[in-house]
Amino acid sequence: MPEGWAWTRLPVITTAISAGGDKPDIYEINSTEDCNIPIYSNGIENDGLYGYTNKPKVIEPSITISARGTIGFCCVRKTPFVPIVRLITITPSKEINLYYLKTVFETLIETGEGSSIPQLTVPGIKSKLIPIPPINEQNRLQNKLNKIYNYIIAILFLFDLIIVTSMIDSIFPKYFYLTGASNTLPVPL
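Counted from 1, the sequence shown has number 171 at position 134 by the working numbering; the numbering is strictly sequential.
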């Protein structure tokens, strides 16, 4: 292990680890003046946004991890929110880069615990050993990863564009013919 790094259990580097509970009694599907605090569940669609309520349960920037269903789906939450259902919330201490911690969980988390219904549990997550470099190294690594992610997104976009273009070329001829009353004119596409 590089100098300055440490294998650490999650409770050492966090201020809170908890599981989501029931949805609040007061909530709206859309944000309103009274209900503008997001409620997140363990879904992927719209990053798990379930609705809005009037009082947050988590104030500090945190990450959330789906504990059932799409196990291991992680999001960074920078504004106050309410976690519900099987959504684990981890609030790191100030010397931990939130995005670095998210990357660690996306990389190291197993696809399930338990025998019949895969799930993550707070006790199971608390026992995980996590590689923690000094904060400057966390920031440097995360900046490099962000650049790599941007390259991957650009490559996937170009790949999709090439596939669509190839499909269009195979379905349609190079020229589309306009047929008029007296003649046929080739029109390049």
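Glycine included, every Cβ here is placed at the ideal spot set by N, Cα and C.
Item                                                                                                                   : Value
Buried versus exposed, by CB contacts within 10 Å (16 or more), Ser103                                                 : buried
Where Ala104 falls: helix, strand or coil (DSSP)                                                                       : coil
Close-in-space but distant-in-sequence residues of the same chain around Glu65 (CB under 7 Å, 5 per side omitted)      : Cys72, Gly88, Tyr89
Under 8 Å between C-beta atoms of Gly85 and Leu138                                                                     : no
Rounded Cβ spacing between Ile121 and Gly161 (contact assumed at less than 8 Å)                                        : Between Gly161 and Ile121 the Cβ distance is about 20 Å, and since that is not below 8 Å, they are no contact.
Where Arg177 falls: helix, strand or coil (DSSP)                                                                       : helix
Beta-carbon proximity of Ile167 to Val201, cut-off 8 Å                                                                 : no
8 Å Cβ cutoff, Tyr77 in contact with chain D                                                                           : No chain D is present in this structure, which holds just one protein chain.
Alpha-carbon spacing of Glu150 relative to Phe110, whole angstroms                                                     : Note that Glu150 scores 46 on pLDDT, short of 50, meaning its location in the model is unreliable and no value can be drawn from it.
Neighbourhood of Ile96 by C-beta distance below 6 Å, restricted to the same chain and skipping five residues each side : Pro117
Alpha-carbon spacing of Cys112 relative to Leu145, whole angstroms                                                     : 15 Å
Status (buried if at least 16 other CB within 10 Å, exposed otherwise) for Arg46                                       : exposed
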